[in-house]
Every structure is written in structure tokens, then in C-alpha cells.
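Peer 1: Please see the structure below; I have some questions.
There are 2 protein chains.
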Amino acid sequence: MKKILVLGSTGSIGLNTLEIARSFQNKFKIVGLTSNNNISLLEKQIEEFHPEAVVVVNKEKAAELKTKVAGKCAVLSGEEGLLEITRRGNYDILVSALVGFAGLAPTIEAIKQKKRIALANKETLVTAGEIIIGLCKEYGAELIPVDSEHSAIFQSLIGEKKETINKLILTASGGPFLNKDKTELEHVTIAEALKHPNWKMGNKITIDSATMMNKGLEIIEAFWLFGLPKEKIEVVIHPQSIIHSMVEFIDGSIKAQMSSPDMKLPILYALTFPERYNFSSVKTDFARINKLTFFEPDFDKFTCLKMAYHAIEEGGTAPCILNAANEVAVEKFLSGKIRFTQIPELITDALEKIVCHKKADMPAGEAGLDLIFESDFKTREYLTKKHS
Amino acid sequence: MKKILVLGSTGSIGLNTLEIARSFQNKFKIVGLTSNNNISLLEKQIEEFHPEAVVVVNKEKAAELKTKVAGKCAVLSGEEGLLEITRRGNYDILVSALVGFAGLAPTIEAIKQKKRIALANKETLVTAGEIIIGLCKEYGAELIPVDSEHSAIFQSLIGEKKETINKLILTASGGPFLNKDKTELEHVTIAEALKHPNWKMGNKITIDSATMMNKGLEIIEAFWLFGLPKEKIEVVIHPQSIIHSMVEFIDGSIKAQMSSPDMKLPILYALTFPERYNFSSVKTDFARINKLTFFEPDFDKFTCLKMAYHAIEEGGTAPCILNAANEVAVEKFLSGKIRFTQIPELITDALEKIVCHKKADMPAGEAGLDLIFESDFKTREYLTKKHS
């Protein structure tokens, strides 16, 4: 029985994780759940999974839930609650599925507890990749990617040596606007941007897919996770999302991992690695799929991709600024305050205006986190004021 | 320096092997070469690679070559020459690339020498799979597949456990007649049958691709190589031959190995496994490939596929009869004696008329080989007489 703590249990990855726990009741025990606000769903999850503790980030909602579930489980609150529940350490695997930069601090706590981290929160590596990788080594924590792309690469690398990698090929669906002209993007609506062709995901990541910043963040994530130079990380558009990503080796051979798009597969693998459990709910029938297509990404239309490579080159807190700006911009787009094409504009603005701490100027290891939190804060502050 | 003995060095796999040896002169040393008849090419190969010994199966040609290369290398002759050169044991890897059933006996000699066998001769496993797998275990010989399909499966299984395999998915180009009606097959010419859309290969295997018996033989080969029931071995038509085959695991995840079609890749891998060598001559550009397609195979048109599954079910010497009949039939087709559609007819005829030794009636282990040689002989004799 593996004990699992799910950060973000009412989100898309969280719900899929619980569905897996439901399918493997003799393998996984849910010991902790968290939500920002959704206490009605969290209450149902408590009824079903009987966790030892839950966190509600919103303090009022936490108090409300506390009265409802009194005696059934501990209810913590606030961001400090997220830190506390990870610090308690009574779990084997952390499913890190918070949205955005908020995932960083609690993930670090789990690393210090030497746990396996099933990492769905890509911002953790995007903003603090070097520190996170260092901490994992220092504490002996295991980082298993949950993103379907990184899981595909991780799986393709099983039994292979890092020095035999020629390049990573991240596949990208291209999102809902793959076939729109650059000029048409000016006028797309929130509803259109939220219609992902293949994946059912949360709103933030769905918008990131539409701008292709999601792939940009994944490039940065892969850079840290697999320790390769950015020139060895390519993107290819593959609208069907069947091939989840590929690795080309130095002998010219390419390995790939595939399946019908369903996040349960990479989540399950992150929980069971190096084992595989019998899970028959996801079927892939190639004869029915019939066709897989591939295109070069349009870097002129999807400028977020270019920005991601640029942020890696800049290094230091540049990826953190990129990420914070993107989070603010997506939020503003989702609340109708800016147009879709303003998302990359805001990010460019932030990257130009916010002081980027260079790697050379940052203290080594965990001490560097302060500057990352500072860059994150300043970026949010700047964009919130400027575009309020 | 790995010492390599190439059985069938003037054939397609042999030439590709020598091209690899040429590219890695500080890694591989060619110590032996063989050819049935082609002494002019073999002489050039001797000049270039300086093997210790060569075999020419045709005895007259062998004598002719002997006078030409006197003092440069030993020249053996006949099928006994093939056995002798493998028995000498002064090599690390045997590249088993003879065409057809002739590959079986010398491959067994190499197994007994406890060598690595880079197996391109699929008939070895098709006709005597159980015995070969048993001998490899007994002598501690290593069998690494060279067929692109089996190499793809082998590579996809690196680091994975056999019990987590759900099924193998062999890809098939469908050959030159994929889009012809069954009735049109009656009138296809030899030249048409020899035009493979993707792979440059020898004549025998190219005709096998046109009838899809090649895929049939590969099903049987996979059955022995990976030790799975036939129900777990599927075929999907994939005309571009980029995905060389796939493995579906019990969790629903699929792994695949891919590349532009070039036999040098699986040959190199069989030589270097578990390492990979830097080899940049084969490039795969997905954006340029643009499209991969998949279809169910038409078992009514390509009856050879059905026959292969049937032969596995029959067991004993049934696959041997199937293979011998196919070899005779292909030869007859290539020499203009029968029509293309008569190939499966001859095989069906042989499978009905030749006594199949059941597994239960065969002595265990190597002793069973006698009945395999007998079935092979009787099938050839029967079909040669009947359709002469």
C-alpha cells in the first residue's frame, strides 16, 4: 500500500489521481487532499477516501469545511497548511498538482522529506529547476514527471544511457488555434481558447496550450529534468496527441511512448514506476486512429515558444519572470481584461522591465530561492499594476 | 574491437553490415565472410576487409576464388564450409544473414560457440524456434534480432519486464500490392512484386513482403523470440515504415522504436547492444515525413498472414513446412514458373499434404532437429516434383 498525498485534489490531475486510487484500492491509500476553494467537492472526496488531513487554502472556506467534517479528518488552511501537510511526511508519494508557482514551496517540503514526487506542476522546475534538481540529489528524493510529454521521454529512456541521447522531441498538439492565421488570433474568445482538441485539462493549462506557452514551459522543464542543452530539445506539432514525445539516440534510432490521450496513464506510471499495473481503461487502436501527422511549429505565430528558449539562455530568474508574467496574463485573459494576443505582449513587457537575477549573482542552492520568490513577486506586482 | 563473422556477406544485410564495419573501423573487425556464388564481390570484400577465412557455397566457384586470393585468406566451400567457419569460433558476433532455411545449421554452430548472434535469418526461428531458444539458454548464447520489427520490439522492451507486456504490434508496410484488389493480384509481374515501396532488400524477402508472408514469418519469429502467445502478436499496416513496431504494456502505455527505413540501424544495434554508437547517416525528420498512417491488414487478400497464425497453432514442424513451401514457391515465382497468387496455393497444398510432426511426437531439444530437416526436405521434394 502506497500512501499518497494529493496537492490539488479538486483539479484535473487531482481528480484523475483519485480515479486511479479508486481503481487500485489495494495498492494506494489517499492520506491527504488539498483544494484552494472547492470545499463541496473536497467534502465528497473526504467521504470517499478518508484522508488523515486536508488543506483548504482559502481560510474562510477552511473554517466552513472544518465544521462539516469535524472528527473525520484534520482541516488545515492557507499556504502554510500546504507546507505543513507536506512536512508531516506520513505519505510515500506526493502528487504535486497545484496550479502555477504556488506548487513550488510545498514540493520543496516533500523533497526534504525524501519522498517520491509525481510532478504535475511544471512551474516548480520552470522557475527553480536548478535548485530543485540539486535538492532532489541532496535529499535523495525521486522526481517522476506526470506531464504526458515528460513521462513519454522518461519512459523512452528506461534502460538507456543519458550520453546516448541525441535530442528530445516534444510533441505538441498545437492547441485550438493551430490552423488560424496570426491575424485571426487577435479576435479569439475565451470560450474558443478553452476548447482543447484532445486533452481535458484545467483552464490555466488549456490557455497555455492555446498560446503554446505550455510547450514553452515544457521545454524548460525538460531542460532541467533531463539535463540536456536547449539545442537538444525540439518541438514538433502532432495534432492527434498520440505520440506523447520522443527521444532520438546518437545511433539514429528514435523511441517514443504513445497512447490515446488520457492523463491517467502518466499519473499511474509516476505512481507505479518501475512497475506497471494492469489498467485496461485506456485503449489505443492504430487502425482506428488511422493517421498521425507532424508539422514544424510556427515560431512567428506562437512567440511564447521562442520566449521559452530565450529564457533558458538568459538563465537565472528569467524563466521565473516568464512564468509569473504568463500566470498573470492568463488570469487577465480568462477574466476578460486582455485579449488573447496580449498574453505574449505582457510576458515580453515583463521580461524587458523586471530585473532578471543572473545565475552568477544568485547564491548557490536553496538560498537562491529568495531571489526566485522576489522575481515572481515583482513580476506579478508590475503587471497587475500596469494592466489593472 | 569486436570480431565479426558475416554469413551472407554479398547479400543486402551483409553489405549493410560491411558498410557499418567501414564506418567503425576501430570498433569492428571482419574475420569471416561467405557467399553462395558471388566470388567477384567476395574478392573485393577480401581486399578491403582482410578476413581470416571465407566460404563459397558453390564448390566450383570456391576453387576459382581460391586461386585468386591464394595466401590472402582461407577459402572453404560447401555447406560444410559454413558449419566449419562458424565452428572455428574466432569471432565475437555472428551476423546470420543467409537466405532461408540454409541459415539454420550454421546459426546453431554459433550458438554452441556461445556467441552473440545478430539474427537476420528469420527462418532459423520460424522453423526451429523452440530448439533454438532452448540451445541459446543451454549454451548462454545471445540472440539479438536484426529484423527492423523485432529490433524495434527488443529496443522497446529494454528495461521493461516481460510480464508487463500486453501485446506486440508488428507494423507492416503492406508491400507493393497494398492497394491492389485481390483479383488484380492474379496478373502482377515479377518486376512489380520486386518493387518494395520503402525497403531495399534481397529478392526473396521482397517477394515475401509482397505476399505478406514476410510478416507471417515475423509473427512466428516474434512468438519464439519474445515468448508470447500468438493472440498477443498483432499486425497493423503502416505504409511509411517509420514506426518499426510497438509494444503495448498492461497499463495501456505503448512504446515504439522508429527511424527512416534503413537496415543499418537494427544491424548496428545488434552489434553494439547494450551500447549505442554515434551514427549520423540515418536522419528522421517528422515535419518532413508529415504523415504516418495505419490500417488493419486484409487477411482475405493476404492469406499468408492467416497461415502463419495457423502454423503456430499447429506447432511441431508446421512452421517448417510453411517456410519450405514458401521458399520453393517464391523461387518458382521468381523464375517465372508460377503466378504470384500461386504462392499461397502451393503453401496451402504443402500444409495439407506433408505430414506435420506434432510437438508431442518430437524428441526434446536438439534431437528434434532431424524431424525439422525431414519436414523441410519432404516439402521441397513434394512441391518441386508436383510443380516442375
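Residue numbers (the working numbering), protein chains in the order written: chain C, 1 to 388; chain Y, 1001 to 1388.
Just so you know, even glycine gets a beta-carbon here, dropped at the ideal spot from N, CA and C.
Note that the structure is a prediction, hence the values are computed from the model and not measured.
State the Cα-Cα distance for the pair residue 141/C and residue 111/C, rounded to the nearest angstrom.
Peer 2: The alpha-carbon atoms of residue 141/C and residue 111/C are separated by roughly 5 Å.
Peer 1: What residues in its chain sit with their C-beta under 6 Å from that of residue 266/C, if we drop five residues either side in the sequence?
Peer 2: So the qualifying residues of the chain are 146, 148, 151.
Peer 1: Compare the beta carbon distance of residue 340/C and residue 23/C with 8 Å and say whether it is the shorter of the two.
Peer 2: For residue 340/C and residue 23/C, no; Cβs fall outside 8 Å.
Peer 1: Any C-beta of chain C within less than 9 Å: which residues of the stretch 1102 to 1117 of chain Y qualify?
Peer 2: For the stretch 1102 to 1117 of chain Y, which is checked against every Cβ of chain C, not one residue is closer than 9 Å.
Peer 1: Can you tell me which of the three DSSP states residue 240/C falls into?
Peer 2: Coil, per DSSP.
Peer 1: Can you list the alpha helix (DSSP H) stretches of 4 or more residues lying completely in the stretch 29 to 75 of chain C, in chain order?
Peer 2: If we require 4 residues or more, the alpha helix (DSSP H) runs fully inside the stretch 29 to 75 of chain C come out as 39 to 49, 59 to 68.
Peer 1: Please classify residue 1263/Y: does DSSP put it in a helix, a strand, or coil?
Peer 2: Residue 1263/Y falls in the coil class under three-state DSSP.
Peer 1: Measuring only the C-alpha atoms, how far is residue 1219/Y from residue 1302/Y?
Peer 2: Whole-angstrom Cα-Cα distance: 14 Å.
Peer 1: Could you tell me the boundaries of the beta strand (DSSP E) in which residue 1005/Y lies?
Peer 2: Note, residue 1005/Y: beta strand (DSSP E), 1002 to 1007.
Peer 1: Can you pull the DSSP bridge partners for residue 77/C?
Peer 2: Answer is 56/C.
Peer 1: Express the C-alpha separation of residue 352/C and residue 229/C in angstroms, rounding to a whole number.
Peer 2: So the two alpha carbons sit approximately 24 Å from each other.
Peer 1: Let's see if you can read the secondary structure: which residues bound the beta strand (DSSP E) around residue 1116/Y?
Peer 2: Taken as a continuous stretch (DSSP letters only), the beta strand (DSSP E) holding residue 1116/Y covers 1116 to 1119.
Peer 1: My guess is that residue 1226/Y and residue 1164/Y are in contact by the Cβ rule of under 8 Å, so how many angstroms apart are they, rounded?
Peer 2: No, residue 1226/Y and residue 1164/Y are not in contact; Cβ-Cβ is about 12 Å, not under 8 Å.
Peer 1: Run through chain Y and tell me which residues come within less than 7 Å of residue 160/C, C-beta to C-beta.
Peer 2: Neighbours of residue 160/C on chain Y, chain order: 1158.
Peer 1: Which whole runs of the alpha helix (DSSP H) in the stretch 316 to 384 of chain C are 4 residues long or more, in chain order?
Peer 2: Within the stretch 316 to 384 of chain C, the complete alpha helix (DSSP H) runs of at least 4 residues are 318 to 334, 342 to 353.
Peer 1: Nearest chain C C-beta to residue 1282/Y closer than 8 Å, yes or no?
Peer 2: Yes, because at least one Cβ of chain C sits closer than 8 Å to the Cβ of residue 1282/Y.
Peer 1: From the beta carbon of residue 1296/Y, is the nearest beta carbon of chain C less than 8 Å away?
Peer 2: Judged by the 8 Å Cβ criterion, residue 1296/Y is in contact with chain C.
Peer 1: What residues from chain C crowd round residue 1147/Y, counting only those whose CB sits closer than 7 Å?
Peer 2: Correct list: empty, because the minimum Cβ distance to chain C is about 14 Å.
Peer 1: For residue 87/C, which option in 101/C, 108/C, 162/C, 379/C has the closest C-alpha, if you only look at C-alpha atoms?
Peer 2: Ranking 101/C, 108/C, 162/C, 379/C by Cα distance to residue 87/C puts 108/C first.
Peer 1: Any contact of the stretch 251 to 262 of chain C with the stretch 1250 to 1259 of chain Y, i.e. 3+ C-beta pairs under 8 Å?
Peer 2: Segments in contact, yes.
Peer 1: Does any residue of chain C have a CB that is nearer than 8 Å to the CB of residue 1299/Y?
Peer 2: Residue 1299/Y does not count as touching chain C.
Peer 1: Measuring CB to CB, does residue 40/C end up less than 8 Å from residue 59/C?
Peer 2: No. Outside cutoff.
Peer 1: Secondary structure at residue 1206/Y, three-state DSSP: helix, strand or coil?
Peer 2: Residue 1206/Y: helix per DSSP, three-state reduction.
Peer 1: So the alpha helix (DSSP H) residue 1107/Y belongs to, where does it begin and stop?
Peer 2: Unbroken alpha helix (DSSP H) run through residue 1107/Y: 1104 to 1112.
Peer 1: When you compare the CB positions of residue 1251/Y and residue 268/C, do they come within less than 8 Å of one another, or not?
Peer 2: Against a cut-off of 8 Å, the Cβ pair of residue 268/C and residue 1251/Y comes out as a contact.
Peer 1: Have a look at the DSSP bridge pairing and note the partners of residue 1171/Y.
Peer 2: Its beta-bridge partners are 1236/Y.
Peer 1: Mind checking residue 6/C: buried by the 16 CB within 10 Å criterion, or exposed?
Peer 2: Label assigned to residue 6/C: buried.
Peer 1: On the premise that residue 1118/Y lies in contact with residue 1144/Y, defined as a C-beta separation below 8 Å, what is that separation, rounded to the nearest angstrom?
Peer 2: Yes, they are in contact, since the Cβ atoms of residue 1144/Y and residue 1118/Y sit about 5 Å apart, within 8 Å.
Peer 1: Where does the unbroken alpha helix (DSSP H) through residue 96/C begin, and where does it stop?
Peer 2: No alpha helix (DSSP H) holds residue 96/C; the beta strand (DSSP E) holding it covers 93 to 96.
Peer 1: For residue 291/C, which residues does DSSP report across the bridge?
Peer 2: DSSP lists 1293/Y as partners of residue 291/C.
Peer 1: Tell me whether residue 1337/Y is buried or exposed, calling it buried when 16 or more other Cβ atoms sit within 10 Å of its Cβ.
Peer 2: So residue 1337/Y ends up on the exposed side.
Peer 1: For the ligand MN, is there a heavy atom less than 7 Å away from the beta-carbon of residue 1180/Y?
Peer 2: This structure does not include the ligand MN; it has no bound ligands of any sort.
Peer 1: Measuring CB to CB, does residue 172/C end up less than 8 Å from residue 344/C?
Peer 2: No. Outside cutoff.
Peer 1: Decide if residue 187/C is buried, meaning its Cβ has at least 16 other Cβ atoms within 10 Å, or exposed.
Peer 2: Exposed, by the Cβ-count rule.
Peer 1: Using 8 Å as the threshold, is the C-beta distance between residue 83/C and residue 106/C below it?
Peer 2: Yes, the Cβ-Cβ distance between residue 83/C and residue 106/C is below 8 Å.
Peer 1: Can you find a C-beta in chain Y that's less than 8 Å from the C-beta of residue 222/C?
Peer 2: Output row for residue 222/C: interface = no.
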